[in-house]
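Student:
Numbering (my numbering), first residue to last: 533 to 676.
Okay, here's the thing in structure tokens:
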């Protein structure tokens with residue numbers, strides 16, 4: 533099995549990957565690991581990280597991202613089956629302006645229960661705001 537070591541000695545997720553910081557690991561593959569969030573938004577909240585250090589979504593290697601996605605799907609399936617979850621949110625915060633606080637790419641798998649809506653700290657669904665169709669199209673053209 534690949535034992536990729538994060539390169540950032542002060543990165544808590546790199547420390548978890550190499551085993552120098554404790555974590556409740558629940559799943560892994562050759563390029564990623566999944567562990568319980570110690571500050572969960574809901575019971576069953578899991579973090580999935582690549583074994584190799586990458587700062588954020590724009591920095592993560594495509595193969596590591598793909599491995600994280602596969603492991604995230606496994607975790608979500610387990611949550612639905614074993615925790616009897618009604619749904620799962622998948623969240624990535626990329627950059628400080630987006631709310632990223634640990635600068636090692638990670639995906640949040642946030643388990644949702646119908647009976648707990650409004651009781652967890654995730655704040656979804658977000659409030660939508662009607663937009664001008666011309667503005668939506670203008671911005672869309674910038675992203676093509």
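Idealized CB from N, CA, C, for every residue including glycine. Every value quoted in this text rests on a predicted model; they were computed, and no experiment measured them.
Using a 10 Å radius around the Cβ and a threshold of 16 neighbouring Cβ atoms, would you call residue 535 buried or exposed?
Tutor: Position 3 of the chain shown holds residue 535. Because residue 535 sits at a pLDDT of 43, beneath the cut-off of 50, its placement in the model cannot be relied upon, and the following sentence gives the value as read from the coordinates. It is exposed - the Cβ of residue 535 has fewer than 16 other Cβ atoms within 10 Å.
Student: Can residue 566 and residue 573 be called in contact, C-beta distance under 8 Å?
Tutor: For the purposes of this step, residue 566 is taken as the residue at position 34 of the chain shown. For the purposes of this step, residue 573 is taken as the residue at position 41 of the chain shown. Against a cut-off of 8 Å, the Cβ pair of residue 573 and residue 566 comes out as no contact.
Student: Does the beta-carbon distance from residue 637 to residue 578 come in below 8 Å?
Tutor: Locating residue 637 in the chain shown gives position 105, where the first residue counts as 1. Locating residue 578 in the chain shown gives position 46, where the first residue counts as 1. The answer is no: Cβ separation not under 8 Å.
Student: Helix, strand or coil for residue 675 per DSSP?
Tutor: Here residue 675 refers to the residue found at position 143 when the chain shown is read from its first residue. Correct three-state label for residue 675: helix.
Student: Would a C-beta distance cut-off of 8 Å place residue 622 and residue 633 closer than the cut-off?
Tutor: Numbered from 1 along the chain shown, position 90 holds the residue referred to as residue 622. Numbered from 1 along the chain shown, position 101 holds the residue referred to as residue 633. No, Cβ-Cβ distance for residue 622 and residue 633 is not below 8 Å.
Student: Bridge partners of residue 565, per DSSP?
Tutor: In the chain shown, the residue the question calls residue 565 occupies position 33. In the DSSP output, where bridge partners are listed per residue, residue 565 has 560, 581.
Student: In this structure, how does DSSP classify residue 544 when only helix, strand and coil are distinguished?
Tutor: The residue you call residue 544 lines up with position 12 of the chain shown. Correct three-state label for residue 544: helix.
Student: Just curious, the beta strand (DSSP E) that residue 589 is in, first and last residue?
Tutor: As a first step, residue 589 must be located in the chain shown, where it is residue number 57. No beta strand (DSSP E) holds residue 589; DSSP gives it neither H nor E.
Student: Identify, in the order they occur along the chain, each residue of the same chain with its Cβ nearer than 6 Å to the Cβ of residue 625, setting aside the five sequence neighbours on each side.
Tutor: Locating residue 625 in the chain shown gives position 93, where the first residue counts as 1. Around residue 625: 631, 632.
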